[in-house]
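Residues 377 to 505 (the working numbering) make up the sequence shown, in order.
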Amino acid sequence: MLRKTLARAEKAYREIEEAGCITSSALVERLRISYGELFYVLDKLRREGRVVPADLGRASLWCTSRAAAEEVTAKLAEALRSLLCRRGRFATPKKALQLVAEDKEARRLFTRHMPLRPNPAVIQVIDAL
Numbered sequence: 377m378l379r380k381t382l383a384r385a386e387k388a389y390r391e392i393e394e395a396g397c398i399t400s401s402a403l404v405e406r407l408r409i410s411y412g413e414l415f416y417v418l419d420k421l422r423r424e425g426r427v428v429p430a431d432l433g434r435a436s437l438w439c440t441s442r443a444a445a446e447e448v449t450a451k452l453a454e455a456l457r458s459l460l461c462r463r464g465r466f467a468t469p470k471k472a473l474q475l476v477a478e479d480k481e482a483r484r485l486f487t488r489h490m491p492l493r494p495n496p497a498v499i500q501v502i503d504a505l
């Protein structure tokens, strides 16, 4: 394995470990690498048993363990549920994302795990939650 790939794998693992769980789009932003390079590194880490994907719809959160995945998804779902309950009516995933961005505490929680731009992966995660 190339030294550069090993260094990327360690950086990616540290980011995942720090956040608990994180989307691939957030990893691409933080590590400044392409999606191809990231998925090669994530597949290597998954084969080694260091990370696991937590599928939410068609998107995935990359976590250090199944327990971390369950904990993070439960926290995110509860925060989103409380925002939507305060609103009192149905909201599309895009509107729910706007509500998260407007609420200081929810924004801090969600930005640890994903960027709050309305890209398809983030919309999928919000919709699945």
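The beta carbon of each residue, even a glycine, is placed where N, CA and C say it ideally should be.
| Check | Outcome |
| --- | --- |
| Helix, strand or coil for alanine 444 per DSSP? | helix |
| Report the start-end ranges of each alpha helix (DSSP H) in the segment 377-460 that is 4 residues or longer and not cut off at the edges. | 379-395, 400-407 and 411-424 |
| Determine the DSSP secondary structure at aspartate 503, reduced to helix, strand or coil. | helix |
| Are there three or more Cβ pairs, one per stretch, closer than 8 Å when the segment 399-406 is compared with the segment 475-490? | yes |
| Over the uninterrupted alpha helix (DSSP H) stretch that includes proline 469, give me the two end residues. | 469-478 |
| Do alanine 444 and cysteine 482 count as a contact pair if the criterion is CB distance below 8 Å? | Checking the sequence, you will find alanine at residue 482 rather than cysteine. Contact flag unset, no. |
| Suppose you measure from the CA of arginine 423 to the CA of arginine 484; what does that come to, to the nearest Å? | 31 Å |
| Just mark tyrosine 411 as buried or exposed, buried being the case when its beta carbon has 16 or more other beta carbons within 10 Å. | exposed |
| Beta carbon of leucine 473, beta carbon of isoleucine 502: below 8 Å? | yes |
| Does DSSP classify arginine 493 as helix, strand or coil? | coil |
| Any idea if threonine 449 is buried or exposed, counting beta-carbon neighbours within 10 angstroms, 16 or more meaning buried? | buried |
| So, glutamate 393 versus threonine 440, is the Cβ gap smaller than 8 Å? | yes |
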